[in-house]
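Right, one structure below, let's go through it.
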Amino acid sequence: MIADAVAGLVRELIFALTRFLVGGHARWRGCGPEPVQRIYFANHASHLDTIILCAALPVTLRRTTHPVAAADYWGRNALSRFIALKVLRAVLVERGGSRDPLAPLRDVLESGESLIIFPEGTRRNEALPAPFKSGLHHLARDFPAVQLVPVYLANLARAYPKGATLPAPISCVANFGTPITLAEGEDKQAFLARAHDAVCVMAEGAASTGVPA
Numbered sequence: 062m063i064a065d066a067v068a069g070l071v072r073e074l075i076f077a078l079t080r081f082l083v084g085g086h087a088r089w090r091g092c093g094p095e096p097v098q099r100i101y102f103a104n105h106a107s108h109l110d111t112i113i114l115c116a117a118l119p120v121t122l123r124r125t126t127h128p129v130a131a132a133d134y135w136g137r138n139a140l141s142r143f144i145a146l147k148v149l150r151a152v153l154v155e156r157g158g159s160r161d162p163l164a165p166l167r168d169v170l171e172s173g174e175s176l177i178i179f180p181e182g183t184r185r186n187e188a189l190p191a192p193f194k195s196g197l198h199h200l201a202r203d204f205p206a207v208q209l210v211p212v213y214l215a216n217l218a219r220a221y222p223k224g225a226t227l228p229a230p231i232s233c234v235a236n237f238g239t240p241i242t243l244a245e246g247e248d249k250q251a252f253l254a255r256a257h258d259a260v261c262v263m264a265e266g267a268a269s270t271g272v273p274a
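The sequence shown lines up with residues 62 to 274 when you count with this note's numbering.
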């Protein structure tokens, strides 16, 4: 279809521009780019987060990995909706609606494909993430066979903070950590704290390799 061809061209252009401006390279520290079903969960500091994380994945993984995005932002007009759904292959969720916001995420996981989520639920201009909301725990409980991979996106708060018009030429890196699992009998708050710590550890690792957090 013409729309799919256009989406493919726009996708490659966006990723090429992203790499040129801010890098968006991957550092696989605790796992490799393996063709297994995963939930990548990352800190959320910028509207570039989704693009950086998608660009960091190999093409073979990118085709079956869907970022989760807010419908009130990415669905606000025809262009942004096209970029979200066709270019990034995102799953749009309604915030504050009557429908279960996790329903479309469960649909993706039930189909055998992967997700990118930002458990904080909103962006913030800080190096470390805010406490995680409960969605990650619910997905981990309902899909125990899916790998949960922590990701720390370094420098996004500096490269493209809230209110910025254009990104600054600051190198951004997606750091992939060691997968975690929901332990038997582990309660929600303990799991979310451990998942949060797994991302923060990746921030410390980024700083130790010379990439400012």
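For every residue, glycine included, the Cβ atom is placed at its ideal position computed from N, Cα and C.
Member of S107, S141, R137 and T242 whose CA lies at the smallest distance from the CA of R255 | T242
On the three-state DSSP scale, how would you describe T79?
-> helix
Please state if the CB of H105 and the CB of F193 are separated by a distance shorter than 7 Å.
-> no
Helix, strand or coil at E265 [DSSP, three-state] = helix
Does the Cβ-Cβ distance between I113 and C233 come in under 7 Å?
-> yes
Near K19, which residues of its chain fall below 6 Å by C-beta distance, leaving aside the five closest residues on each side in sequence?
-> Residue 19 falls outside the range modelled here, since the chain spans only 62 to 274, and no answer is possible.
Rounded to the nearest angstrom, how far is the Cβ of Y213 from that of A103, given a contact under 8 Å?
-> 7 Å
Go ahead and pull the three-state DSSP assignment for L70.
-> helix
What residue from P119, D258, D65 and L109 has the CA that sits closest to P190's CA?
-> D258
Taking C-beta to C-beta, are I75 and L176 nearer than 7 Å?
-> no
When you compare each of V120, T125 and E155 to G136 by their alpha carbons, which one comes out closest?
-> E155
Tell me whether R124 is buried or exposed, calling it buried when 16 or more other Cβ atoms sit within 10 Å of its Cβ.
-> exposed
Contact check, Y115 vs P128 under 8 Å by CB: the rounded distance?
-> Checking the sequence, you will find Cys at residue 115 rather than Tyr. Contact flag correct, Cβ pair sits at about 6 Å.
Check the DSSP bridge columns for P211 and list the partner residues they point to.
-> F102
Option nearest G173 by Cα separation, candidates T183, G196 and V207 | V207
What's the call for R72, buried or exposed, on a 16-neighbour Cβ count within 10 Å?
-> buried
Close-in-space but distant-in-sequence residues of the same chain around P222 (CB under 6 Å, 5 per side omitted) = N186
C-beta contact flag for A130 and L153 at 7 Å | yes
Local conformation of T126 per DSSP, three classes | strand
Where the beta strand (DSSP E) containing G84 begins and where it ends | G84 to W89
My understanding is that F143 touches L170, with C-beta atoms under 8 Å, so please give their C-beta distance in whole angstroms.
-> Contact doesn't hold; Cβ gap of about 24 Å is too wide.
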